[in-house]
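To keep things clear, I will list the structure first and then write my remarks on it.
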Ligand code: FAD
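Residue numbers (the UniProt record's numbering): 1 to 483.
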């Protein structure tokens, strides 16, 4: 450890924390008054490779972040390759004597960080907590174990006091003397899709970057936090905060969201139930990170090992129909097309579509998780895998396998006027509010009047609901050794 008069540069290695505000590693480094070199590495080994939608987001996020860093006097250094080689090289190029970073939680990434730290001599390595509200190694059950069930986890966290106050962004970044370490250009990374460029819908739906995240959350607090508890289940409404991709890339901190929501609730007389519901959702995210930390690679392994014997079907054509929103179930298809067009899907729709894949089609939840990982802008190492397992029944505190969502009931209840279906499945737009949830139940004249020809303009259901439900329950019994 260097003395207080040390003037050598600190290397701040940023990963899923592309923000100035409430960024402990960056804030503490700038606070020292020493030169700070800010590094981002596009890693080709270690953490799970990013999906296509992630890469689109990352390009725009890095563009915004790099501009923000430059305004403070610093420069964002971009490198691509193996972090194990790049970090020591940049430390040397910058003549830095310290490496500071915010923790990450995926097993591979933690191992990489530990290896890198262990290989550095005479370097002051410091780790900070920025990405989640709790420290997974500090929060324990009464018997000293890690949590497997959400409700007691929430109770413990909510009883342990408010999350810390967020830290202010640095006012200035002191650059190192000379020209500093070299950097790739972002354009050279070619993160944006070209042939074909499928990202038009993402560009319309989102503005990546810290400033946009903050503005969008302010708008949510102003207009939609009140009523969130009820509105959050309706996919046609814009009732949720849409913070998930901003959190995924660390453009906004969960501590900032927590405290902004609290302040807004006080000013705007938001009912306690709405505020608490929002806080509970943020804590679900933390719970998933708790599981990831303590129970390993959730995207690969069933949390409940009994599911290792589950008789999943090989059905590539049905998987493709699900991915492309051609299952013949309007609500499922609307949701899958929302995902493809915008890189995001409403939470209830994620539950309905995941259940449809794992239970109606009996396709291994891992294939669905992978598709979400590639197409979601918020595809998250903890939440995606954990929530897939929750729906499939193999996860911690999971919904039991035999609870099978009925897509028509979900549709009538949560999209009663069919507004969400009409938006994403326009070929059904002229059906009545009653007919739109299950067109195959209508007579030919009704369908013809709405310009629908089943099997031609819109698919017939790829499985019969009742038969698929019975098949799923049978498969579940086999797994339990009951058939
Ligand atoms: P809001 O309702 O505004 O909630 C605020 C924040 O709370 C979210 O941004 C998110 O960080 C957190 N949150 C809300 N619900 C959940 C939840 N059920 N689990 C964990 N955190 C939650 N969320 C991801 O961030 N990344 C994923 O890859 C992801 N995959 C999912 C896959 C499946 C099968 C399911 C059922 C859910 C998944 N979720 C995932 C959780 C949830 O659907 C999204 O977080 C939410 O829809 C994001 O929209 P929002 O920001 O408007 O949420």
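Note that beta-carbon positions come from the ideal geometry of N, C-alpha and C, so glycine has one too. Since the model is a prediction, treat every value here as computed from it, not as a measurement.
For residue 10, the uninterrupted beta strand (DSSP E) run begins and ends at 10-14, by DSSP. Here residue 98 is bridged, per DSSP, to 10 and 124. Counting only residues of its own chain and dropping the five nearest sequence neighbours on each side, residue 183 has a CB closer than 8 Å to the CB of 75, 76, 77, 78 and 79.
Counting the other Cβ atoms within 10 Å of the Cβ of residue 145 gives fewer than 16, which makes it exposed. Residues 239 and 274 of the same chain have their beta carbon placed closer than 8 Å to that of residue 227, with the five preceding and five following residues left out of the count. Residue 94 sits close to residue 9, with the two beta carbons spaced by under 8 Å. Residue environment: residue 359 is assigned as buried (16 or more neighbouring CB atoms within 10 Å of its CB, all protein chains considered).
In the assembly as shown, residue 164 is an exposed residue. Its beta-carbon has fewer than 16 other beta-carbons within 10 Å. One alpha carbon belongs to residue 44, the other to residue 51, and they sit about 13 Å apart. Looking at the DSSP output, residue 37 sits in a beta bridge with 11. The beta carbons of residue 34 and residue 7 sit closer together than 8 Å. Our two residues, residue 461 and residue 440, have alpha carbons roughly 8 Å apart in a direct line. By the C-beta criterion, the region 315-327 is judged to be in contact with the region 443-463, since at least 3 inter-stretch pairs fall below 8 Å.
When secondary structure is reduced to three states using DSSP, residue 325 falls in the coil class, being assigned neither helix nor strand. Residue nearest to residue 299 within the set 399, 100 and 371 is 371 (criterion: CA-CA distance). The beta carbon of residue 385 lies closer than 7 Å to those of 298, 299 and 369 in the same chain, with the five residues before and after it left out. Apart from the 5 residues on each side of it in sequence, residue 178 has no Cβ closer than 6 Å to any other Cβ in its chain.
Taking every protein chain shown into account, the CB of residue 470 has fewer than 16 other CB atoms within 10 angstroms, so this residue is exposed. At a Cβ-Cβ threshold of 8 Å, residue 248 and residue 380 count as neighbours.
Relative to the ligand FAD, residue 394 has its C-beta separated by 7 Å or more from all heavy atoms. Here residue 37 is near residue 176, since their CB atoms are less than 8 Å apart. In the structure shown, residue 80 adopts extended strand secondary structure according to DSSP, grouped into three states. The alpha-carbon of residue 150 is positioned some 20 Å away from that of residue 355. Cβ-Cβ separation between residue 364 and residue 312: approximately 4 Å, consistent with a contact (criterion under 8 Å).
For the pair of segments examined, the region 243-262 was found to touch the region 13-33: the number of CB pairs separated by less than 8 Å reaches three.
Shortest gap from the CB of residue 302 to any heavy atom of the ligand FAD: 7 Å or more. Looking from the CA of residue 154, the closest CA among 105, 279, 390 and 301 belongs to 279. Non-local C-beta neighbours of residue 116 in its own chain, meaning closer than 7 Å and more than five positions away in sequence, comprise 83, 84 and 87, ordered along the chain. Checking the 7 Å criterion, the Cβ of residue 253 is out of range of every heavy atom belonging to the ligand FAD. According to DSSP, residue pairing for residue 458 in a beta bridge involves 454.
The residues 342, in chain order, have a CB closer than 6 Å to that of residue 205 in the same chain once the five nearest residues on each side in sequence are set aside. Looking only at 143, 252, 389 and 265, the smallest Cα-Cα distance to residue 357 is reached by 389.
Taking all protein chains in view, the Cβ of residue 308 is surrounded by fewer than 16 other Cβ atoms within 10 Å, so the residue is classified as exposed. Apart from the 5 residues on each side of it in sequence, residue 412 sits with its Cβ closer than 6 Å to the Cβ of 437 in its chain, given in chain order. In this chain, the alpha helix (DSSP H) harbouring residue 420 covers 419-424.
For residue 317, the secondary structure class from DSSP, reduced to helix, strand or coil, is helix.
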